[in-house]
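J.: In our numbering, the protein residues as written are 28 to 228. Just so it is clear, CB atoms sit at the ideal spot from N, CA and C, and this is done for glycine as well. There's a structure below that I have some questions on.
Below is the structure:
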């Protein structure tokens, strides 16, 4: 399990067996982004990917505060997403590389990590900021683990909200394909690395 804390918040891996965490993340994601991944397809991925979903919780009570999901894309899906001809809701059962497939790749292989979504229940509040920081730290640990195995990671994200657009800009993201040319209607960015939290932020 990957875990990180920030103030009153703890973020952690949410395995497939943690149905409450998955349900809470799905409900929050639909609230912010609308329908996206098919639940049965997401469960298929989660059975093969240990760290598909991170959730943030209040450390004392365990109350759900937010989530982040991320996935390594199969090569054909990576190409289609970058070209703008595929949206998240079109991802099928084999769109995502499982952990076993990643482990079988030789050192030096390039793979794409798609930052699918991140949102918190109380944006703009101190606890909301803590939740986002803890979730980002979990992602940094995940990226570090796979880089340590010798994989070369490209990191992409679709800016589905104004906050996502700001984050992509702050991270120095390069526009891969503009919203007007994409079926999902969002700007797609490739990031040089995950966003680092500023001291005191």
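(1) Decide if residue 131 is buried, meaning its Cβ has at least 16 other Cβ atoms within 10 Å, or exposed.
(2) Ignoring anything shorter than 3 residues or poking outside the region 174-205, list the beta strand (DSSP E) runs there in chain order.
(3) Note down, in chain order, each residue of its chain lying with its Cβ closer than 6 angstroms to the Cβ of residue 306, except the 5 sequence neighbours on either side.
(4) Quick one: Cα of residue 40 to Cα of residue 115, how far?
(5) Skipping 5 residues on each side, what residues in its chain have a beta carbon closer than 7 angstroms to that of residue 120?
(6) Using DSSP bridges, identify the partner residues of residue 40.
(7) Hey, how far is the Cα of residue 155 from the Cα of residue 170?
(8) I'd like to know whether the C-beta atoms of residue 98 and residue 31 end up nearer to each other than 8 angstroms.
(9) Do residue 181 and residue 217 have their beta-carbon atoms positioned less than 8 angstroms apart in this structure?
(10) What are the boundary residues of the alpha helix (DSSP H) that includes residue 220?
(11) Would a C-beta distance cut-off of 8 angstroms place residue 81 and residue 148 closer than the cut-off?
(12) What residues match up with residue 139 in a beta bridge as DSSP calls it?
(13) Pick from 146, 35 and 105: whose alpha carbon is nearest that of residue 58?
(14) State the DSSP-derived secondary structure class of residue 60, mapped to helix, strand or coil.
(15) Nearest to residue 46 by CA position, among 28, 73 and 34, is which residue?
(16) Taking the CB atoms as reference points, tell me whether residue 126 and residue 77 lie closer together than 8 angstroms.
(17) State yes or no: is the C-beta of residue 175 within less than 8 angstroms of the C-beta of residue 186?
(18) Please go through the same chain and pick out, in chain order, the residues whose beta-carbon is closer than 6 angstroms to the beta-carbon of residue 167, but skip the five residues on each side of it.
(19) Step through the CB atoms of chain D and report whether any lies within less than 8 angstroms of the CB of residue 58.
(20) Determine the burial state of residue 212: buried for a count of at least 16 other Cβ atoms within 10 Å of its Cβ, exposed for fewer.
(21) I need the straight-line Cα distance from residue 228 to residue 84, nearest angstrom please.
(22) Give the straight-line distance between the Cα atoms of residue 173 and residue 134, rounded to the nearest whole angstrom.
T.: The short version:
(1) exposed
(2) 179-186 and 201-204
(3) Nothing about residue 306 can be reported from this structure: the residues present for the chain run from 28 to 228 only.
(4) 22 angstroms
(5) 68 and 71
(6) 81
(7) 23 angstroms
(8) no
(9) yes
(10) It is not in any alpha helix (DSSP H) - residue 220 carries neither H nor E in the DSSP assignment.
(11) no
(12) 181
(13) 146
(14) helix
(15) 73
(16) yes
(17) no
(18) 221
(19) Although the question refers to chain D, the structure presented lacks it and comprises just one protein chain.
(20) exposed
(21) Any reading at residue 228 needs caution, since the residue's pLDDT is 41, under 50, leaving its predicted position unreliable; the model's value is listed next. About 20 angstroms.
(22) 10 angstroms
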